[in-house]
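Numbering (our numbering), first residue to last: 7 to 417.
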């Protein structure tokens, strides 16, 4: 009989947009409030804070969850309003949930005295008493740190690489540490099916058996590993239109959109001394060929995608900030209605505002520029080196053939 458990590994409230220089902080905080309300409707069994959540000002993430009866987990830093661990039971099995950060991920968080993640995990295991499985969420840890956690002790654990950027996988036929990554935020749901048996000391991933059977390789060895272990199967569900919207969640989404359109219409203040954005038309006076090439790109059509968006992205400041050039940046347009000459991802989005630029290195495209919009939140598959050849203004593109190839979504 299934015993469903919902675990939020962190970053449900905050996002990398909080790091953007033109971030609409009020809008992002309102979005966090809406997400917290959704979590109240469907409370997780255990919830951790992520490093993006900690970017919300003044410990706002903790407050939003605490006000809704949810105590977030932070294991290796004493942050008021959080708990160092959570213990819960499901199907007769006892789980311990912990949530650890790197020192860098906690930098700038007031009062977050850092503890070594391994020492903190060991301390909470001792405090919790006997448990069957330890669930460890991590944020900002490099491969070496994750490997130390994976290899620590002889207890069963599920290790969640919260950033999903480390190339570390569960090793061997069977393992005591199952390593997983979180889904693309808002686009996927990961379901981990655990088929547990008492006394089994290790995990066995079900996909191994299918591969061995299909290839007729090492079938007996794989079968033995499966019989002596807990069987685990990961299902990755893309949350597309085949899944109906939750009516209450849809109401929350509508409330957020109504609020953003009603409360974020005032012009942002000008930034004194900033180099003004002039728009692609000004650049074309000297760079006619590059401008003509750019007109064949999808970047040039970025505003059109908002106009086609049935949710009305053209009056959402957060959407406009990536689909119009310079919006809310120093020297850029301050109101949506002022963006007309700047609509689309124009020259100055990639090459910075126009100014004196002698020499060939001025305005070189940098990855940190691209990821302000192609963030892990919006575009988790973005790869700078693969993407640049498909967005360059050095060549023209055939209509419909300038979109970077991406993996097909799972069916």
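The beta carbon of each residue, even a glycine, is placed where N, CA and C say it ideally should be. Fair warning: this is a prediction, and the values are worked out from it, not measured in the lab.
Query	Result
Measuring straight from C-alpha to C-alpha, what distance separates residue 386 and residue 374?	15 Å
Of the choices 244, 209 and 243, whose alpha-carbon is the least far from that of residue 228?	209
Can you tell me where the alpha helix (DSSP H) holding residue 127 begins and where it ends?	123-134
Where are the beta strand (DSSP E) runs, 3 residues long or more, that stay fully inside the region 28-85, in chain order?	none
Select from 332, 145, 254 and 403 the residue whose C-alpha is nearest the C-alpha of residue 379.	332
From the DSSP secondary-structure annotation, give me the bridge partner or partners of residue 393.	DSSP lists no partner for residue 393.
Hey, how far is the Cα of residue 291 from the Cα of residue 300?	14 Å
Any idea if residue 135 is buried or exposed, counting beta-carbon neighbours within 10 angstroms, 16 or more meaning buried?	exposed
Is it the case that the Cβ atoms of residue 62 and residue 20 are separated by a distance below 8 Å?	yes
With DSSP collapsed to three states, give me the class of residue 210.	strand
Quick check: the region 303-316 against the region 242-250, are at least 3 beta-carbon pairs closer than 8 Å?	no
Could you check whether residue 90 and residue 106 sit closer than 8 Å to each other, using their CB atoms as the reference points?	no
Where does residue 146 land, buried or exposed, given buried means 16+ other C-beta within 10 angstroms?	buried
Taking C-beta to C-beta, are residue 322 and residue 266 nearer than 8 Å?	yes
Alpha carbon to alpha carbon, how far is residue 382 from residue 161? Give it in angstroms, no decimals.	32 Å
Per DSSP, which one or two residues make a beta bridge with residue 244?	194
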